[in-house]
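A short worksheet on the structure shown next.
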Amino acid sequence: MSVYKIVELVGTHPESWEKAAEAAVNRAAESLRDLRIASVSDLDMQIEDGKVVAYRAKVKLSFRYEGGA
Numbered sequence: 070m071s072v073y074k075i076v077e078l079v080g081t082h083p084e085s086w087e088k089a090a091e092a093a094v095n096r097a098a099e100s101l102r103d104l105r106i107a108s109v110s111d112l113d114m115q116i117e118d119g120k121v122v123a124y125r126a127k128v129k130l131s132f133r134y135e136g137g138a
């Protein structure tokens with residue numbers, strides 16, 4: 070039997086939502102072990118002076134819970 074914890078991150082990238090989501094996963098992988106599932110829950114864009122400057126992807130990530138808070 071396993072237990073998984075879910076965290077929510079927002080990745081950003083100037084080129085695409087896919088790269089924004091990938092940025093969130095890559096960053097999480099630097100400090101979390103045993104990542105299992107990534108689910109994109111929301112997409113939006115940052116706009117400045119009428120132009121898109123960044124794509125943002127809200128990503129829910131699950132990983133095996135090992136205890137603690």
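Its first residue numbered 70, the sequence shown is counted upward by one per residue in the working numbering.
Even glycine gets a Cβ: it sits at the ideal position worked out from N, Cα and C.
- Membership of Arg125 in the beta strand (DSSP E) is indicated by the continuous run Lys120 to Arg133.
- Closest in C-alpha terms to Ile75, from the list Glu117, Ser108, Gln115 and Ala126, comes Ser108.
- With contacts defined as CB atoms closer than 9 Å, Leu112 and Lys127 qualify as a contacting pair.
- DSSP lists Ala126 as the bridge partner or partners of Gly80.
- Check the Cα spacing between Gln115 and each of Ile106, Phe132 and Trp86: the tightest is with Trp86.
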